[in-house]
Structures are given as structure tokens and as C-alpha cells.
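Below you'll find the structure, written out as C-alpha cells, and then a few comments.
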Ligand SMILES: Nc1ncnc2c1ncn2[C@@H]1O[C@H](COP(=O)(O)OP(=O)(O)OP(=O)(O)O)[C@@H](O)[C@H]1O
Ligand SMILES: Nc1ncnc2c1ncn2[C@@H]1O[C@H](COP(=O)(O)OP(=O)(O)OP(=O)(O)O)[C@@H](O)[C@H]1O
Ligand SMILES: [Mg+2]
Ligand SMILES: [Mg+2]
């Protein structure tokens, strides 16, 4: 019985649509859970500046506030370890997701970002067996997710040597930054057949390329509604083909249920994996229809889903 | 003084030289094939830096300590609210623009109220303000990316006679700013205030009024840039302004405007904005990693300021 | 050459120029142990510059400095201090953010080491007690919290203090400007005691009786040269003035005895002391010791009459700054822009500056008050200080404001220029302009129709007509009661 | 009225009062914080901020401003989590070199009369780049002695409080009591008169910057001790935090008026303000805005008390 337990969400950043969708999903799902009496509280907290130090302070405050579990999307996989350890020592269950932490006492709901990067190249190798030049758009320098996905992409290129990354820019997971960076490097690039991305940057790249007279390469998308919509337009008009992959913001709700299960006394393995949410040519329309205008393709999880994930990990 | 020497005594020449050098180095990679594409891209993206940079320049001209850190948040708020209001309808383009400007005015008013009424140093006042504005942006539409009206999207992304439309807009605003600075009494006033606030007061200049208008102007330019950028990049994002915090300051100081105030120049903003875009493009083109790119950017900024020479009585 | 051997400091044929300005043009000066040398001269005569040479802050371009018969090749601040040369500068030169003890630490480089605070406090307190018995200044207080007089007292005591290297030559550059009579007396007495004990003093002052009664020998400077040098009893007040070559004396003596009491009232202001009023066409002096609230009144008048928020079409007041650097010139600008800034409202149409009108007006005023420059587009700093001051006058006079506030504007202005400006002021007043003029110079005060005397931030006396004379003003500024 | 507060004491009274008020509010909202562990949790992340604030204060004491504080602390954190652990000697050399560069900046800024804002803005890119080169992805690990130092549990008062008091005391001795401190503040107050007394301004400014570098290095090390590992962006917000801390602590941008004890209190206040907000449970939309609001409120308090001080003085 967890009806007296209090869970907190520690979130490091709220400045993009993905995070906003994540917070919305959290609010929706946990709101119902609180109303149903499953847990006593599920309060979300967000820091102002996407900084590990600030988030560490936030976690320490949660310890003081007496939460029973902290669900955590971390600014850094390692820099919060000190605070997380303190929380564990205080008897608090810590479940990290998306931005996971390496501290052994915490649970991790991880996305295999490396695999995500690799799968992008794999998809391209199926679509363009003859290979060609790729442009890579990276995320924010110095952040772990950026490094992971990029490593995956380069692994993929090693696996499919017909591809070659001829340019790499940092798009900071933002359409406008990506657009600017791509527009800057594009004039000096040879023909490119594909753009491998990290999410939140595909539409920007498309915009930058559309502004030139180049042929539109295959741009891997990142599940944002504007990306999907653009893809739909291109698909309807010119039969454009690509795929879209990202982690669903609703994973916060999965983390919530996992935390609830742990509080309930369930035996849960420390490392759980969630699949990323992939959209392909054939299920584009359904996904687009389910995505809020301006939002991100999303999946929200139920308690049953969580139990299934926990069971399958055993 | 020969014309060449006179040219070299202009404070803005260094940013232009730096931009040209970097531009040349970049197009040489493709032996000139990328000239047109690179130039167009540079003009396009420099335009946004120019618009926010101009506003920041007016504020910095007001003298030591004057700076507006609320630029990014203002851009975000103006972009998100305007796009939400326009809701992809071409008929709403003007109301959207209007609301962006009104928001800019409101932020500027808030900034100066904090500075004047609560005597908070501008650097902290505008920072605090930016948090509030950022929250307002989150609250209004929770980060949804709404598309701009078709006409506007078309306008911001296309060229006229090979020149990007946004660059033309920025040029017009620059001309207006230049005109304000050089030809109007207001320009004289801000320059005087920047050189010495007590002297300006004793010369009968309405110091508070002028400073207030300047903070308004900066915020309005930021909101205008936010509006254009949101339309250009196909939707407003909550983080779309963050890049422009350091950028708006960097283009001003690299452009040769005196950090100690009182002396501003418009051409330098263009040189510096082009340079800031081109240097990233160049380093990307040469495949330099993020670390080296940052280091080189920093070293170049320091070299430009060393070349341009320290200023007398250059406070800070 | 026996003299040179004994001299604490001997400067020989020192020449210093700042750009085109010859600040020192071959000055020879010797200071013997046990004597007080009085140094007088008009503004800009070079007194402060020779002081800088002696204290090592300035290396003369020609000439030499010797001490105790030894020619010093590498003379600098530290060499001077090691020889016991101390200086009280004309402008206050303590750090306002530090306490008196900490300032003592800064002044005495070798005071360091454990427990320096106690030692520094001991040193400065001893010196304060010696120079100004019964001073009542706590050495732990921050200098910024002290009154101007207290700061000057601290600075003087600092120069006489002994922290290992005993002071041998103390240079006092206008040290009494903010001290009242009794404090000045205390200081002068201490100078005599110090000299009697074998120390040397160079004493610079514009208050001639102080010089006459305190010095053993008086040196008169003019335009960067020593023009007279005699034992003090060889001078009397009149002789000294003559030696300084002050032409001003004769001209300014002629005071216009206009009676303005019937002119319409144009401004009145409630102050802490007597009420302040001004009439059309009056020239009103604000007198009293320096820093007793005159500038504050001017600032208050200006603030009360001008808006900080909206531009004014017809301002009532305009201001001529005395402290050019602080609130006068705009250093980055040309002469023309500096001139036109206050009257720009008249030179614009709908906010647009009419460049031609601006230039015409500039050229007009350049001629009228003879600003000596080939081109009004030159930078303001290319002008000599006196000419900069003229630009500030022109700036104020070119406005349509009926009241001109002047904050000791003749500071550092040479005699010739002064006469020109006096004439302009008289002429403008005759045309109905009102001048409110803070001045530290008695000659200027006597030019005015009416005088308000200040003491400790309040107006303590109002003098008009024949009552405007030196005795009355001095009496009022020291006693704080109307004469 | 013979009793008179010195302006220095009043300068301190204001931040101390705001801290007390805030602390009272936090205790009221969250009584659990009123304990050994609670205080440590509230304040331990303030320790590196306090060190960085002292560093910024030293630069501000000579009328300059350091915009590279955040990236520099991040860089130091990266060095600490990598070299200082794996090759202590190299690590120490790198950090010493970084301090030397700081001192060098002071010299260059003085000799070439450059605006410190621009130079440090440029340096912020340089430090950021170096940090990214050092740790392209977050990682590294705190040296054990650092970790021990930051988690040790002294008797009576928690580490965070002890460390804050120690920092305040050392900085106070250094800046307010020592000769070097007097010299540095003297430059801020009246550079000309310090020069005339025969001091070398270049050396003193180099000293101020060097000391600032030293404190910033300590901040980076302390930070890693708390977080156990580093990343290139770990302390970016320290730039503005440190400036705000100095101002909250009663310091001023010019005139050499600074207060080390105030600066530490300012850093504690800023940290506490964050906790206060999270105890208030504001809606996530407005959590960021509330941080701005609280900055404004605390600074407005400062203004109110400043007015009081002025009235006191006039009396
Ligand atoms: N740093 C400087 N740069 C340029 N000119 C200078 C400088 N210092 C002094 N002068 C000039 O040197 C001349 C002598 O100045 P000095 O200060 O010695 O006069 P003074 O006799 O002390 O006058 P006062 O009685 O006003 O103090 C003046 O014309 C002044 O303008
Ligand atoms: N060109 C200059 N560069 C640097 N400092 C200057 C310059 N001109 C003047 N100063 C400073 O101003 C101080 C006062 O000099 P000021 O300009 O008042 O000369 P002045 O004696 O009033 O001029 P004048 O002899 O024309 O009346 C000098 O001691 C010096 O420090
Ligand atoms: Mg002079
Ligand atoms: Mg003098």
C-alpha cells in the first residue's frame, strides 16, 4: 500500500517542447493517481537553468521535505551522484529516467541512446544501400546524451562503411540553432544523402536545406509535431521517405509507476530499459493524429505497463 | 591622415576585417564554390544578431554597468505569444507583430522600473526580469511549437534579388538606428549620458526619460527579433533566445562599441554579427570540434579588443 | 654650493611640459633643513607641478634633483619617501572606502607585518594629537564617513606622522582650504613647531596672510618660472600680490553698485538656513568656506527646476560646472558637440538635428568668447583647461534659460580668461539674466550684487550693497552669524 | 545619540538580516531543516558558491568584473575530476597555471587599459572550450581526499556551516585585515593615491586577480567534492550567482566597497532562496519566475535598509 507515500519529480530543464510534454504527462497521470489514492502526492519541481548544481540542491531539499521517492531526470549522469547518495542514505527511493544517474543505489530507466544513433544509420543503409555522405547534427556539447547518440552514429557508420560523415555541427537540440549551424556549413559540403540527428533538430535542418537548391536528403526526424507534419507534407507531395525516432516524454509516467511499485515493496531490477518511440513511413499518420499540435509524439504509461516492464526485466 | 589610415582608426574596421578573413578562409575550402550560399546564410543569420545587438548597443552606450540580460527571454516570450495569437492565419500577421511589440514595451518598462525604483543594478535587475519573462513564456503555451502564418514564413525565408529578406529588415532597422544615433537629439543624449551621467544631467538632458526609452527600445528590438526568428525557423521554442544572450553582448563589444559607454557604432554590429556566424561555420567546415571552436572564439574576441586598443579611462 | 650640500631637496633648472603647455620652465628651488618655504602664484603657475617633481611623481624633462648634496639620478616616489619627503595634495587623496588606520597603512609602505593595525593606529593617533589637539576623530572610522574638514585634518596628520622614516620635508599644497580658522591656526602652529625642531616645509596657499606669517622664505611663481624669492619679512601683502602679477586686482575692484531689489522675483527656494531668492538680472554669490553646502544648493536648485523624465522646451535654469571632468565636459566629443548639447532643443526640428544651424551657432559663439581652436570639430580635450571652461560657459549662455547656475566655474582658469568671462557675465546680467555664482575667490564674490554666506550646509548671512566686503564675508563664514 | 553604527557594520547588517528572515521562513515551512543533517543539506552546495563569490568579490574590489567565473569553475571542476585524481602533480601544475593566467589577466587589463568585461567574456569561451576538451562527456571522479573533506561530519555544526564560517573568516582576514587586502581595496577606492604612496598597481592588481583565481580554483574543487564528478557545464550559473552574491552581501560594483563576510552571507542567501521556493511548492510554470521575484525582493530589502542607513547617517 503506497497511499501514504509521497513522490517528487526532479526535473532539470523545462525549456523545450519535449520537457513540457513530459511535465504535462506527469501532471495528467500522477494527478489521477493521487485522486485515486494510489499515492499521497506527486509534486513536480523544475530548476531554472539546467545546471547540475542547482538540481543537486533541489534533491537535497526534497530529502528535507520528506519525500519517499524521487523521480529524476538528471542534468548530468555523474554530477548528481553526491546528492543521490545522500537521498538513498536517507532511505529515499531514487528512480532516474531519460537523463539517468550512475550512482548504484538509484534505479535507471534507460534509453539505449547509443543504439538509437546506430539504428539511424541502419535505417539509412536499408533505404540507401549504395551509401553516401552524411551530415551529423549533434546536441549540446559536453552533455552525456549528445556523446552517446553521436557515438552510436559513428558505430553505425563503421558498421556500414558505405556511409561517410562529412560534416558535424552542434544544433543544441533546438530547431533554430540547428538551422543556423546547418546553413553555415552547408555551402561547403559536397552532396549529402542523409542527415542524422538527435531529436528536436530535424525540422531546422530541413528548413536550412530547403533554403538552398540542394536535393532534400533523408533527414531522420525526432518525433516533434512540426517535424512529423513537414514529413507528412513531403510524403504526400513527393513521396518523401524517412523515419523518426526519439524517447517518448511520457517515460516520466513510467518512472512514476516504477517508483510506486518499488515503494510498494516490489523487487525491481536496478536497470530497466524502455524502447524508444519510433515512427515509420506507414504509421506516420496515426502518430501524427495522436500528437498535440506543436508537441511531441508521446506515449503515457499505466501501472500495468510498468509492471510488465518490471517483469520482463527479471 | 591618408584615407587608409583613417579607415584603420575606425573602431568597427577590426570586426569587418575579421569577418572578411574568416569568410575567405571558409570559401577557399570549396575553392569559391560556396561563395553565394555562404554569403546568403551569413546575411540571414547575422540579421538576427544585428537586431538584438542594436538594442543591446543602445543600452551599453548608456554607460558602465548598463546591460540587458533579459534579451533571450523577451525573444522567447514575444515569439511564442505572437505565434499563438496568429495561429497560422495570414490575417493575424499585424496583430501578432503588435502584440510582440507590446510585450517588448512591457518588459522594457519592467526592467527600468526595477533599475530606477528599486535601484537594482541593471545586470541583476534584467536577469531577475528574464526569469519572470521566461516563466510567462512557459505559462502561456507550455512550449508548443505553433507554425507561423504561411505568408510570414514565406517572407522570412526567401530572398529579394538574392538578398535574404530578414537581412533587408535588419538593414532597415540598422539604418533607423544609425539615423537615431547620428541625426537626432536622442542619439546625442544617450551618448552624453554614457560619457558622464552627472554631466548629462547638468546639461539639462532628461536622463531618466532617455534611459527609460533606451531600455524600451532594446526590449522592443529583442521582441521583434523573437517574432522574426520564430517565423523564420517555423515556430517558437522556449529555448530559442538562449543563444542570443552572449551573442548580443559579443557583437556589440567586438563591433567596437565602447564598453565604457558613450560611443557606439552601427557598422561594427554588422561586421561582428557576420563574423560570429562565419567563425562557427569556418570551424565547422574545417571539422574542428566544439572545444577548439570555443577556445578560438574566445581568443579571437580578446585579440580584437587588444587590436582595437584599450580605451582611455576605460572603466571595466 | 654650500647651500646645495645642506639642502634637503634641491631642484635645479627643472623643465616640464604637457604637450604644448610649459608647466615648468626652468625652476630652481632649494629647501633647507629647519625652514618653511611659502610658495605662491596664480592658478596654473606650476606650483603643483614642482611639488610633483619634488615628491618623485614626475620626472622633469630637463634639470636635476639633488638631496643632501647628492645628485639623484633615479629619483622616484619611493626614493623621495625614503628621504622623508611627504606630501599633502591639493585634491583629497585618501581612499574613501578605507578606514583611517588602513589609509595610514597605504601611506606607509613599510608598516607591514603582524600587528600593523595597532601600530598604524598608534602612529596616526599620535600625529593627530600632535597637530590637532582635541580633534576627536576615531581612527577606526572610514574616511568616506568623515566631513571634508576631518578628512583634511587626517591627511595633514598623515604627512607629519612617523612610521620608521621620519618626515624631513612636508609639502602642503593648499592644506587649509577646508579648515576653519582655529583648525588652520593649529596646523600653522604645528608647522612652526616642526620647523623649529629642524624639519622643512613647503607651504602652498592662496591665503596670503597664512603664507606671510608662517613662512621663513617666500617663492613666487608665474607661468612656470620663479619670479621672486625673498625672506618672508621682505614681503608685505601688497608686495606679494604685485610679485604674483595679478592684474585682476585693479579691474575686479570696480564693483558695480547696481540695486536690483525692485526687479521681479524669478526664483525662491526654501533652505535649511535663511530663505534663498533671486531676482531678474541679479548676480548672486554663494560664499563661505569651500564645501559648506554651496554646491548642494546649486544642485538642489537645478534638480528642482529641471525634469529628469521629459525634455523641456524652455528650461528655467542652466548650469556651468566647476569640476569639468566630473560634470562638465563630454570627453569623447568634439568642441562643437560639447557646446551645443544644452541648447540642442533649439537646434532641432521634430527631434532632428539641424546640422547647419548647429555649426553656425557654434561658429558664432567661438567668435564671441574667443575659443582658441582652429576647428570646432576638434576634440574637446585638445583645448587647454581654460578654453574648455569657456566652452562650458558658452554652452550655458547659448541656452535661453534665464537663470545661470555656476559652481565655482573659474577653478583653474587663468587671469585673462577670467576677465573675459566677467565681462560676458556683466553684459548678460544687464540684459536680464540672473547668475547664481558659487565662488571661493573673494574677488569674484565682490563682483556680485548680493551674497549669501554658507556655513555648515546652511545659509547664515545675506549681504547686499556696501555690506559685500571681505571682512563681513569672512566674519560670516567663520562665526556663522550674520554680520 | 553617541552610539553610532559604522558604515561597514551596517553594510553587514542588511545581508545578515535578510538571511535570518529567509532562514526563519524556511524553518517555519520545513521544521525538519532545523537539524544537523537539515542544515547541511540546506547549505552544503553554498560552499562552492561562497568561494566563487569571494573570488568575484576580489575582482570587483579593484573595480573590475569577471564574466568568466562560471566557466572557469567548470574548467577547474573538470581538472579536479580528471588530472587531480589520476595524476595529482600534473593536476596541481594545471591549476597553478590557471591561477597564473588569472594573475596575468589582471596585468594585461591594467597595462593595456582594457575593459575587464570584454577580456573575461573572451576568457569564458576559452575556459569553456578547455573544459569541453577535457571532458567531452560528463564524468571523472572526485579525488578521495576532496570527497572526504566535503562529506566529513564535524561535531557540533555540520560541514557546510563550518566551511562557510571558515571561508568567511579566512577571506575576512585576507581582504579586510591584511596589508594586501587593504592595498587591493585601496585601488578600488582611489587608485591614484595608492600609486602616489609608492605601490605598484600592476603587482597589486595581479595579486587581486591571482587570489581570485585561487578562490575560484577552491570553488571548483569543493564543487567536485560535493557532486563527485564533473562536466563542462557544471558551474555556468556561478558567474551571475557570484555577482549577485557580492551585491546581496553589500558589495558595490565600484569604489572598492566589498565585504567578504557579506559575500558569504550573500551566497548562503541565494542558496537558501532556492530552497525556500521549492518548499513553497509553486506551480512548475512559475518556479523559474519565482527565482527572479525573490532576487528582486531581497534586493528591494537592501534598498529599504540602505535608506534607513542614510537616515541614520544624516542624524
Ligand atoms: N597632467 C597634465 N597634463 C596636462 N597639463 C598639465 C598636467 N598637469 C598640469 N598641467 C598644466 O601645467 C600647468 C601648471 O599646473 P599646476 O597644477 O602646477 O598649477 P598650480 O600652480 O598648482 O595651479 P593651482 O593654483 O590652480 O593649483 C597648468 O597649465 C596645467 O594645465
Ligand atoms: N591632455 C590631458 N591628458 C591627461 N590629463 C590631463 C590632460 N589635460 C589635463 N589633464 C588633467 O587635468 C588636470 C588639471 O589640468 P587642467 O586641464 O585643469 O589645466 P588648467 O590649468 O585648468 O588649464 P589652463 O592652463 O588652460 O587654464 C591636470 O592636472 C591633469 O591631471
Ligand atoms: Mg591649473
Ligand atoms: Mg595646484
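Chains as they are written, first to last, in the working numbering: chain V, 102 to 415; chain P, 812 to 1127; chain G, 97 to 579; chain H, 294 to 608.
We treat Cβ as the ideally placed atom computed from N, Cα and C, and that holds for glycine.
Computed from a predicted structure; not experimentally measured.
Given residue 163/G as reference, the closest of 214/G, 222/G, 156/G and 180/G once Cα atoms are compared: Ranking 214/G, 222/G, 156/G and 180/G by Cα distance to residue 163/G puts 180/G first.
- Residue-level contact to chain G via CB, residue 1116/P, 7 Å cutoff: Not an interface residue.
Handout entry: residue 380/G - partner residues in DSSP beta bridges
Key = As a beta-bridge residue in DSSP terms, residue 380/G pairs with 532/G and 546/G.
Legend entry - 8 Å CB neighbourhood of residue 997/P in its chain, flanking five on each side removed: Excluding its 5 nearest sequence neighbours in each direction, residue 997/P has C-beta neighbours in its own chain below 8 Å: 991, 1021 and 1024, listed in chain order.
Reference residue 1028/P, options 836/P, 828/P and 911/P, closest by Cα = Checked all of 836/P, 828/P and 911/P; the closest Cα to residue 1028/P is 911/P.
inquiry  = I need the straight-line Cα distance from residue 309/H to residue 175/V, nearest angstrom please.
reply    = If you take the alpha carbons of residue 309/H and residue 175/V, they lie about 33 Å apart.
Q) How big is the Cα-Cα spacing for residue 474/H and residue 564/H? A) Within the model, the alpha-carbon separation for residue 474/H versus residue 564/H is close to 27 Å.
Where residue 413/G sits in the DSSP three-state scheme: Residue 413/G falls in the strand class under three-state DSSP.
Is residue 315/V helix, strand or coil when you go by DSSP?
Coil.
| Would the segment 215-227 of chain V and the segment 172-190 of chain V be scored as touching if the rule is three or more Cβ pairs under 8 Å? | Output reads no: the segment 172-190 of chain V does not touch the segment 215-227 of chain V.
With three or more C-beta pairs closer than 8 Å as the rule, is the segment 227-242 of chain V touching the segment 1079-1090 of chain P?
Put simply, the segment 1079-1090 of chain P does not touch the segment 227-242 of chain V. Fewer than three CB pairs are less than 8 Å apart.
Discussion item. Buried or exposed, going by whether 16 or more other CB atoms sit within 10 Å of the CB of residue 381/V?
Written reply: Exposed, because fewer than 16 other Cβ atoms sit within 10 Å of the Cβ of residue 381/V.
Between residue 559/G and residue 538/G, what straight-line distance do the alpha-carbon atoms span, to the nearest angstrom?
Straight through space, the alpha carbons of residue 538/G and residue 559/G are spaced by roughly 14 Å.
ask   = When you compare only the Cα positions, how much space is there between residue 227/G and residue 283/G?
value = Straight-line Cα distance between these residues: approximately 6 Å.
Residues, ordered as in the chain, of the segment 160-185 of chain V that lie near chain H by beta-carbon distance below 8 Å
Here the close residues are 161, 162, 163, 164, 165, 166, 167, 177, 178, 179, 180, 181, 182, 183 and 184.
Within the continuous beta strand (DSSP E) that includes residue 174/V, where are the two ends?
Here the beta strand (DSSP E) through residue 174/V covers 170-174.
Point to revise | DSSP bridge partner residues for residue 271/V (one or two, in chain order) | key: DSSP lists 239/V as partners of residue 271/V.
Residue 530/H: contacting residues in chain V (beta-carbon distance under 8 Å): Those are 150, 152, 154 and 155, listed as they occur along chain V.
Alpha carbon of residue 484/H to alpha carbon of residue 916/P, nearest angstrom:
Counting only the Cα atoms, residue 916/P lies some 41 Å from residue 484/H.
Show which residues of chain P have a CB atom less than 7 Å away from the CB atom of residue 272/V. The contacting residues do not exist; residue 272/V stays about 11 Å from chain P at best.
>> Please give me, in chain order, every unbroken run of the alpha helix (DSSP H) with length at least 4 that falls completely inside the segment 477-529 of chain G.
In response: List check, alpha helix (DSSP H) in window: 481-493 and 511-526.
Report yes or no: is there a C-beta of chain P within less than 7 Å of the C-beta of residue 403/G?
Contact of residue 403/G with chain P is assigned, a C-beta pair being separated by under 7 Å.
Kindly give me the distance between the Cβ atoms of residue 515/H and residue 344/H, rounded to whole angstroms, as I take these residues to be in contact under 8 Å.
Right, their Cβ atoms sit about 6 Å apart.
Mind checking the segment 1016-1035 of chain P against chain G and listing, in chain order, the residues whose C-beta falls within less than 8 Å of any C-beta there? Of all residues in the segment 1016-1035 of chain P, only 1016, 1017, 1018, 1019, 1020 and 1023 come within less than 8 Å of chain G when Cβ atoms are compared, listed by chain position.
Can you find the residues in the same chain that come closer than 7 Å, C-beta to C-beta, to residue 247/G, ignoring five residues on each side of it along the sequence?
The residues 188, 190 and 239, in chain order, have a CB closer than 7 Å to that of residue 247/G in the same chain once the five nearest residues on each side in sequence are set aside.
Problem - Rounded straight-line distance, which links the Cα of residue 958/P to that of residue 259/V - result: Roughly 38 Å between the two C-alpha positions.
**Item:** Neighbourhood of residue 235/G by C-beta distance below 7 Å, restricted to the same chain and skipping five residues each side
**Value:** Closer than 7 Å at the Cβ level, and outside the excluded window around residue 235/G, lie 196, 197, 217, 220 and 221.
inquiry  = So if I threshold CB-CB distances at 8 Å, which residues from the segment 320-349 of chain H count as touching chain G?
reply    = From the segment 320-349 of chain H, no residue has a Cβ closer than 8 Å to chain G.
Uninterrupted alpha helix (DSSP H) stretches inside the segment 383-427 of chain H (no shorter than 4 residues): Listed in chain order, the complete alpha helix (DSSP H) runs (minimum 4 residues) inside the segment 383-427 of chain H are 409-427.
| Along the chain, where does the beta strand (DSSP E) that runs through residue 132/G open and close? | 132-137 is the extent of the beta strand (DSSP E) around residue 132/G.
| query | Terminal residues of the continuous alpha helix (DSSP H) containing residue 398/G? | reply | Per DSSP, the unbroken alpha helix (DSSP H) holding residue 398/G starts and ends at 390-401.
Legend entry - Contact residues within the segment 246-272 of chain V, judged by C-beta distance below 8 Å to chain P: Hits within the stretch, in order: 268, 269, 270 and 271.
- Whole-angstrom Cβ separation of residue 577/H and residue 147/V, contact assumed at under 8 Å? Confirmed, Cβ separation roughly 5 Å.
What three-state label does DSSP hand residue 915/P in the structure shown?
Helix, per DSSP.
Outcome for residue 819/P when other beta-carbon atoms lying within 10 angstroms are tallied against a minimum of 16: Residue environment: residue 819/P is assigned as exposed (fewer than 16 neighbouring CB atoms within 10 Å of its CB, all protein chains considered).
I need the straight-line Cα distance from residue 889/P to residue 365/G, nearest angstrom please.
If you take the alpha carbons of residue 889/P and residue 365/G, they lie about 48 Å apart.
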